[in-house]
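Numbering-wise, the working numbering comes out as the position in the sequence shown, counting from 1, plus 892.
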Amino acid sequence: MPDAIFAHPRLAPVYDAFDGDRVDLDAYLRIADEFDARHVLDVGCGTGSLAILLARSGRQVTGVDPAAASLEVAASKPGAAAVTWLHGNATTLPGLSADIAVMTGNVAQVFLDDDDWSATLQGIRGALRDGGHLVFETRRPQRRAWEEWVLDTDPVTRNLPGIGEVERRMEVTRVALPYVSFRYTYTFASDGFSVESDSTLRFRSRAEVEQTLVTSGFTTIDVREAADRPGREYVFVARRTH
893 MPDAIFAHPR
903 LAPVYDAFDG
913 DRVDLDAYLR
923 IADEFDARHV
933 LDVGCGTGSL
943 AILLARSGRQ
953 VTGVDPAAAS
963 LEVAASKPGA
973 AAVTWLHGNA
983 TTLPGLSADI
993 AVMTGNVAQV
1003 FLDDDDWSAT
1013 LQGIRGALRD
1023 GGHLVFETRR
1033 PQRRAWEEWV
1043 LDTDPVTRNL
1053 PGIGEVERRM
1063 EVTRVALPYV
1073 SFRYTYTFAS
1083 DGFSVESDST
1093 LRFRSRAEVE
1103 QTLVTSGFTT
1113 IDVREAADRP
1123 GREYVFVARR
1133 TH
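Pasting the structure below:
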């Protein structure tokens, strides 16, 4: 089940307001250009920011996500009609013959179980054309991002049109490597409604990720820096090999 931050009907509409300016998405647009990708699959597309950006560049775009509330937000945005939205996950994808598949943000780290991660990679492989590419980012475990999160306790408030002020607080609830759990608490000033969203990420090493790619039918052709977060993340570029 997707986390409440993506699936709750009151949280999904405020997600973008707390997600920053998403300058990280420009790098994926450049990667799509680099590989001359005409059909892009956005796995875990959420509220559709990247999918719509890619579609505006004239590409065919398919976005898939298990959170119906997030897809509703995505479908309501300008330019959304140019994207094919699928409710599901990588294991439910049809054979799309996509040129490239992408996973941005923390998507690659939400698969906590080895079998779920393997099934996700194999599902993506099946949706790609022969020789198609997979590009995704994952936080470097050695950077120990959770140590910064523990200190980041100040509330963040946004004033949103039609919604009013919404406050978000974050706390790290458990560190049991390779798993790190945290909780966001959202409070709506208009009616005092408060809701918690619990999340857990798995921090896999570079070697672990590369091995799972091999066993799922991919070859890693490059491991890059995240342009907006150097030293903090790996960006894996892999090719479907068979």
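All C-beta atoms, glycine included, are put in the ideal place defined by N, C-alpha and C.
Just so it is clear, the structure is predicted and the values come from calculations on it, not from any experiment.
>> Quick check on the DSSP output: the beta strand (DSSP E) that includes G1054 runs from which residue to which?
In response: To locate residue 1054, count along the sequence shown from 1; it is residue 162. G1054 -> no beta strand (DSSP E), and no H or E assigned at all.
>> Considering only DSSP beta bridges, list what T1079 is partnered with.
In response: Locating residue 1079 in the sequence shown gives position 187, counting from the first residue. DSSP output for T1079 lists E1059 and S1086 as bridge partner(s).
>> Using a Cβ distance threshold of 8 angstroms, determine whether the segment 1017 to 1024 contacts the segment 1078 to 1098, with at least three qualifying pairs required.
In response: no
> Are there 16 or more other CB atoms within 10 angstroms of the CB of R1017, so buried, or fewer, so exposed?
Replying inline: In the sequence shown, counting from the first residue as 1, residue 1017 sits at position 125. Result: buried.
> What residues in its chain sit with their C-beta under 6 angstroms from that of D916, if we drop five residues either side in the sequence?
Replying inline: Locating residue 916 in the sequence shown gives position 24, counting from the first residue. Around D916: D1120.
> For R951, which of P958, D957 and A943 has the nearest alpha-carbon?
Replying inline: Working through the sequence shown from its first residue, we reach residue 951 at position 59. Among P958, D957 and A943, the Cα nearest to that of R951 is on A943.
> Do P901 and A947 come within 8 angstroms of each other at the CB atom, strictly closer than that value?
Replying inline: Here the question's residue 947 lines up with position 55 in the sequence shown. Here the question's residue 901 lines up with position 9 in the sequence shown. No, they are not a contact pair.
> T976 lies in the beta strand (DSSP E); which residues open and close that run?
Replying inline: As a working mapping, residue 976 is identified with position 84 in the sequence shown. Where T976 is concerned, the enclosing beta strand (DSSP E) stretches over V975 to H979.
> For A947, which of helix, strand or coil comes out of DSSP?
Replying inline: Taking the sequence shown and counting its residues from 1, the one referred to as residue 947 is at position 55. Three-state result, A947: helix.
> Under the rule that 16 or more other beta-carbon atoms within 10 Å means buried, what is A990, buried or exposed?
Replying inline: As a position in the sequence shown, residue 990 is number 98, starting the count at 1. Per the 10 Å Cβ criterion, buried.
>> Cutting at 6 angstroms between CB atoms, please list the residues of its own chain near F910, excluding the five before and the five after it.
In response: Counting from one through the sequence shown, the residue named residue 910 turns up at place 18. Result list for F910: R1060, in chain order.
> If you drop the 5 nearest sequence neighbours on each side, which residues of the same chain put their C-beta closer than 8 angstroms to that of P1033?
Replying inline: Within the sequence shown, residue 1033 is the residue found at index 141, counting from 1. Closer than 8 angstroms at Cβ, skipping near neighbours: L1069, P1070, F1095, R1096 and S1097.
>> In whole angstroms, give me the CA-to-CA distance for Y1076 and A919.
In response: Start at 1 with the first residue of the sequence shown, and residue 1076 comes out as number 184. Start at 1 with the first residue of the sequence shown, and residue 919 comes out as number 27. Cα to Cα, Y1076 sits roughly 27 angstroms from A919.
>> Here's a check: name, in chain order, each residue in its chain whose Cβ is nearer than 8 angstroms to the Cβ of F1110, leaving out the five neighbours to either side.
In response: Counting from 1 along the sequence shown, the entry for residue 1110 is found at position 218. Excluding residues within five positions, the ones whose Cβ falls inside 8 angstroms are L1013, R1017, L1026, A1130, R1131, R1132 and T1133.
> Going by C-alpha distance, which of V953, G938 and E1057 is nearest S1086?
Replying inline: In the sequence shown, counting from the first residue as 1, residue 1086 sits at position 194. Checked all of V953, G938 and E1057; the closest Cα to S1086 is E1057.
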